[in-house]
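Peer 1: So the sequence lines, in the order shown, correspond to chains A and B.
Here numbering that gives the first Met the number 0 is used: position 183 in the first sequence is 182, and no number is missing along the way.
Here numbering that gives the first Met the number 0 is used: position 153 in the second sequence is 152, and no number is missing along the way.
A virtual CB, placed ideally from N, CA and C, is assigned to each residue, including glycine.
Protein chains: 2
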Amino acid sequence: MLRIPATLMRGGTSKCVIFRAEDLAGHDIALDDILLSAFGSVDPSQVDGVGGATSTTSKAAVVSPSSQPGVDVEFLFAQVGIGDQVVEYGSNCGNCATAVGLHAIQTGLVTPRAGTTVVRMLNLNTGTLLTAAVATEHGAVPECGDALVPGSVSRTGVPVALGFVDPVGRTTGRLLPSGHAVDVVGALEVTFVDAGAPAMFIDAGGFGASTIEGAREAASELVSLRRQGAVRMGLVPPGAPTPDVIPKVGLVAPPTAYTTTSGRRVGADEYDVSVRMMSMFAPHPAIGLTSAVALAAAAVTPGTVPNRIVGGGVASTIRLGTAAGVVELGTRVDGAGVLREVVFQRVARRIATMELFVPCGGG
Amino acid sequence: MLRIPATLMRGGTSKCVIFRAEDLAGHDIALDDILLSAFGSVDPSQVDGVGGATSTTSKAAVVSPSSQPGVDVEFLFAQVGIGDQVVEYGSNCGNCATAVGLHAIQTGLVTPRAGTTVVRMLNLNTGTLLTAAVATEHGAVPECGDALVPGSVSRTGVPVALGFVDPVGRTTGRLLPSGHAVDVVGALEVTFVDAGAPAMFIDAGGFGASTIEGAREAASELVSLRRQGAVRMGLVPPGAPTPDVIPKVGLVAPPTAYTTTSGRRVGADEYDVSVRMMSMFAPHPAIGLTSAVALAAAAVTPGTVPNRIVGGGVASTIRLGTAAGVVELGTRVDGAGVLREVVFQRVARRIATMELFVPCGGG
């Protein structure tokens with residue numbers, strides 16, 4: 000039985016168990032085995048562990064101080080299996096990154112300053128550099144706050160400004176992998192963009208529906224469009240099997256008044272671009288943060304489908320109208336017109352510090 | 000923000016957060032508010048708290064040492080709301096009681112002895128006295144073990160023998176509230192019994208089906224039979240509205256070979272009586288411990304429907320064939336033929352010690 004310190008955090012709409020790398024060292028048990036055992040993953044209920052038996056509550060991050068210049072904290076994100084013995088490290092999680100940022104200040108990995116403390120984080124899954132800015136008045140570390148995020152969690156938490164630094168071209172080397180601001184796929188106008196993640200944004204008007212929800216219902220071919228997009232973006236060779244998660248794919252449209260999934264009415268003047276993303280094969284309830292980075296990058300790039308919708312130009316604030324509500328983000332573009340950072344107003348909260356009792360017999 | 004120590008335990012097939020009463024004192028915030036806030040109950044997802052968003056993972060117990068003679072530990076069980084602001088204290092929970100017993104030894108509330116340590120527990124919800132016996136070799140406190148329970152959790156834990164002491168007649172004052180070992184309701188033979196909880200056991204043979212599962216499918220009227228039973232047992236006056244949970248109601252039949260819900264084949268010689276209980280309005284996946292106490296009491300009482308099935312007499316071990324598998328229990332009957340204790344072989348495990356950060360603004 001291992002005894003391992005950990006912290007249970009809420010980040011955005013996820014629950015995340017944060018470990019310090021040093022607390023996982025000193026024995027020869029693989030990280031996968033520790034996580035699966037700690038979470039009770041052998042059972043779909045995760046009743047014998049700290050897992051919450053849903054994808055948003057079976058997440059972990061392993062954090063360590065960084066020796067790299069310009070980086071305070073490195074972290075590895077882990078999506079821990081539920082009812083199986085699989086841990087996935089293939090992607091970053093913006094919700095957990097938010098929690099990691101607040102955790103770094105709360106646990107002294109980063110010393111709070113008077114005013115605002117910025118944590119510079121390197122995500123080891125993707126190589127992405129992120130920042131987390133937290134108000135630390137007179138150097139005090141906050142435990143609670145009045146910030147909210149759109150989605151399923153109605154309780155407030157500590158406001159955290161989460162920034163994605165230099166997000167452009169990390170997968171393909173280019174902002175616009177096809178070389179064009181707009182491509183035509185079938186009869187649809189599409190923008191391919193690589194920022195945060197490879198993504199494709201389809202003009203919902205091409206489906207002939209009067210609302211974006213109507214277009215989404217008509218868009219049963221989004222998955223096949225994703226496969227075509229993967230080839231057009233150079234992510235896979237023609238004819239090769241395409242992954243289920245990239246590129247991110249979504250519909251965009253001009254803002255109209257609508258009602259969120261939680262029943263709140265949103266006016267057309269409350270946001271700048273309407274978006275509905277696919278998550279794997281189902282509609283995403285809101286929008287993933289990496290998809291939002293991609294949409295922001297497209298929106299500040301002249302001539303793209305999203306840029307036309309927001310009225311051209313380079314906006315420093317963009318409001319995305321998602322099914323769950325409005326996600327606001329800030330953009331920072333340098334003198335050469337390159338997008339250097341996309342910043343989200345997010346929420347995190349420390350739920351509990353823990354000492355986990357982890358059976359070592361596997362499972 | 001309150002900071003409150005707590006322990007996350009697995010008891011049987013439930014997760015239970017155990018508080019010490021002294022850790023909840025010293026401020027004037029109501030217990031309900033602390034629990035609802037700690038669990039994040041305002042949201043159905045409980046993402047901002049330690050709740051697991053299911054009935055079996057949204058449970059708490061408040062424990063304190065007892066000054067009553069013959070009692071080591073008192074505990075109050077709480078079923079914490081999910082997506083609402085309701086905490087229910089109307090019943091005991093055998094799974095949490097198992098966890099409370101092991102927790103008392105692990106935290107020093109009860110000093111371990113060489114050999115076996117018995118914790119005597121008073122459940123404050125129901126006034127039930129329980130015992131938890133844990134093997135403590137050379138006085139060592141166990142953290143892991145190789146015990147399993149039938150149901151949804153496949154990982155082993157510490158074996159705990161959970162005893163229900165003097166369970167007879169606690170609600171109605173009588174073992175057989177109707178005064179008969181067998182009553183006839185409609186065309187069905189029924190035994191009403193008050194031990195552990197008020198319960199009624201219906202002879203499945205009366206439904207004319209060849210298996211107990213077939214009888215359960217035929218038994219759409221179990222809920223209306225429960226209402227009739229509530230009156231016949233004197234729990235409610237005729238014509239009054241009847242509660243949804245008492246009496247417990249189930250079908251019993253002689254053992255036959257069957258396959259459990261997890262796919263394991265069970266032979267007719269592996270158990271003594273087949274049982275299928277209703278939980279509220281749906282089939283219970285196995286059997287609640289208080290229902291099992293009632294069934295044990297009926298089985299050792301001459302002439303009842305369950306006693307006929309087990310072949311008469313007074314068995315010191317009874318094996319119940321439930322949909323999830325076989326639940327074995329022991330009975331202790333005194334010289335006057337009175338059932339003094341029913342003992343189950345259960346499992347508990349400490350998952351984590353915690354310090355909870357509990358927002359005090361409600362919710």
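So LEU129/B is in the beta strand (DSSP E); what residue range does that whole segment cover?
Peer 2: Looking at the DSSP string, the run of the beta strand (DSSP E) that includes LEU129/B is 128-135.
Peer 1: With 8 Å as the threshold, decide whether the Cβ of LEU75/A is near any Cβ in chain B.
Peer 2: No, because no Cβ of chain B sits closer than 8 Å to the Cβ of LEU75/A.
Peer 1: Starting from GLY312/A, trace the alpha helix (DSSP H) both ways and give me its first and last residue.
Peer 2: GLY312/A -> no alpha helix (DSSP H), and no H or E assigned at all.
Peer 1: Could you tell me the distance, in whole angstroms, from the CA atom of GLY302/B to the CA atom of TYR270/B?
Peer 2: In a straight line, the C-alpha of GLY302/B is about 20 Å away from that of TYR270/B.
Peer 1: Can you tell which of LEU121/A, LEU108/A and ILE104/A has the C-alpha that lies nearest to the C-alpha of THR115/A?
Peer 2: Out of LEU121/A, LEU108/A and ILE104/A, ILE104/A has the C-alpha closest to the C-alpha of THR115/A.
Peer 1: Mark ASP83/A as exposed unless 16 or more other C-beta atoms lie within 10 angstroms of its C-beta, in which case mark it buried.
Peer 2: By the 10 Å Cβ count, ASP83/A comes out exposed.
Peer 1: May I ask you to list the residues that DSSP assigns as paired with ASN122/A?
Peer 2: Per DSSP, PHE74/A.
Peer 1: Give a yes or no on whether 8 Å exceeds the smallest Cβ distance from PHE18/A to chain B.
Peer 2: No, because no Cβ of chain B sits closer than 8 Å to the Cβ of PHE18/A.
Peer 1: Since I believe ALA229/B is in contact with VAL245/B (beta carbons under 8 Å), could you give me their beta-carbon distance rounded to a whole number of angstroms?
Peer 2: Note on residue identity: the sequence assigns Ile, not Val, to residue 245/B. Contact holds; Cβ gap of about 7 Å.
Peer 1: Alpha carbon to alpha carbon, how far is LEU175/A from SER44/A?
Peer 2: Taking the straight line from one Cα to the other gives about 43 Å.
Peer 1: Ignore the nearest five residues each way along the sequence and tell me which others in VAL235/B's own chain have a CB closer than 7 Å to its CB.
Peer 2: Here the set comprises ALA229 and THR241.
Peer 1: Is any beta-carbon of chain B found at less than 8 Å from that of PRO176/A?
Peer 2: PRO176/A does not count as touching chain B.
Peer 1: Any beta-carbon of chain A closer than 8 Å to the one on VAL140/B?
Peer 2: Cβ-Cβ to chain A under 8 Å: no for VAL140/B.
Peer 1: Beta carbon of LYS58/A, beta carbon of VAL46/B: below 8 Å?
Peer 2: Going by C-beta atoms, LYS58/A is not nearer than 8 Å to VAL46/B.
Peer 1: Using a cut-off of 7 Å between C-beta atoms, extract the partners of LYS14/B located in chain A.
Peer 2: Within chain A, the residues near LYS14/B are VAL46.
Peer 1: Counting only beta-carbon atoms, is GLY362/B nearer than 8 Å to chain A?
Peer 2: Only weak support is given to the placement of GLY362/B: the predicted model assigns it a pLDDT of 39, under 50, and the value that follows is read from those uncertain coordinates. Yes, GLY362/B counts as interfacial toward chain A.
Peer 1: Check ALA20/A in the structure and name its three-state DSSP category.
Peer 2: Looking at ALA20/A - three-state DSSP - the assignment turns out to be helix.
Peer 1: Identify the residues that DSSP records as bridge partners of GLU327/B: which are they?
Peer 2: ARG318/B.
Peer 1: Output the distance between the C-alpha atoms of ARG349/B and CYS359/A, rounded to the nearest integer angstrom.
Peer 2: Rounded to the nearest angstrom, the two C-alpha atoms are 14 Å apart.
Peer 1: Output needed for SER273/A: all residues of its chain with C-beta closer than 6 Å, excluding positions within five of it in sequence on either side, in chain order.
Peer 2: Excluding positions up to five away in sequence, the list reads ILE211, ALA252, PRO254 and GLY320.
Peer 1: Once the 5 residues before and after VAL181/B are set aside, which same chain residues still bring their CB inside 8 Å of it?
Peer 2: GLU188, VAL189, THR190, GLY302, THR303 and VAL304, listed in sequence order.
Peer 1: Counting only Cβ pairs nearer than 7 Å, list the residues of chain A close to CYS143/B.
Peer 2: Within chain A, the residues near CYS143/B are MET0 and PRO358.
Peer 1: Whose C-alpha, out of GLY233/A, GLY287/A, ALA297/A and VAL159/A, is nearest the C-alpha of GLY172/A?
Peer 2: The option with the nearest alpha carbon to GLY172/A is GLY233/A.
Peer 1: Just reading off the beta strand (DSSP E) that GLY10/A is part of, what are its end residues?
Peer 2: Its beta strand (DSSP E) spans residues 1-10.
Peer 1: Per DSSP, what kind of secondary structure is ARG231/B in: helix, strand or coil?
Peer 2: It is helical.
Peer 1: Got a sec: which bits of the region 102-116 of chain B sit with their beta carbon under 8 Å from any beta carbon on chain A, in order along the chain?
Peer 2: Under the 8 Å Cβ criterion, the region 102-116 of chain B contributes no residue.
Peer 1: DSSP three-state label for PHE200/A, please.
Peer 2: The answer is strand: DSSP assigns PHE200/A an E or B state.
Peer 1: Is there a Cβ of chain A sitting closer than 8 Å to that of SER278/B, yes or no?
Peer 2: Not an interface residue.
Peer 1: For VAL192/B, list the residues DSSP reports as bridge partners.
Peer 2: Beta-bridge pairing links VAL192/B to ALA198/B.
Peer 1: Just to confirm my understanding: we take ALA295/A, look at its own chain, exclude 5 residues before and 5 after, and list those with CB closer than 7 Å. What are they?
Peer 2: Answer for ALA295/A: ILE317, LEU328, THR330 and VAL341, listed in chain order.
Peer 1: By alpha-carbon positions, which one of PRO149/A, VAL118/A and ASP145/A ends up nearest to THR259/A?
Peer 2: Ranking the options by Cα distance to THR259/A, first place goes to PRO149/A.
Peer 1: On the criterion of 16 or more Cβ atoms from any shown chain inside 10 Å, does GLY2/A qualify as buried, or is it exposed?
Peer 2: The question names Gly, yet the displayed sequence has Arg at residue 2/A. It is exposed - the Cβ of ARG2/A has fewer than 16 other Cβ atoms within 10 Å.
Peer 1: Could you pull the start and end residues of the beta strand (DSSP E) that LEU30/B belongs to?
Peer 2: Looking at the DSSP string, LEU30/B is not in any beta strand (DSSP E); the run it does join, the alpha helix (DSSP H), is 30-38.
Peer 1: Where does ASP182/B fall in DSSP's three states?
Peer 2: Strand, per DSSP.
Peer 1: The region 58-71 of chain A: which residues have C-beta closer than 9 Å to a C-beta of chain B, in chain order?
Peer 2: Within the region 58-71 of chain A, no residue has a Cβ that lies closer than 9 Å to any Cβ of chain B.
Peer 1: Taking the beta strand (DSSP E) that GLY207/A belongs to, which residues open and close that run?
Peer 2: Note, GLY207/A: premise wrong, no beta strand (DSSP E); not H, not E.
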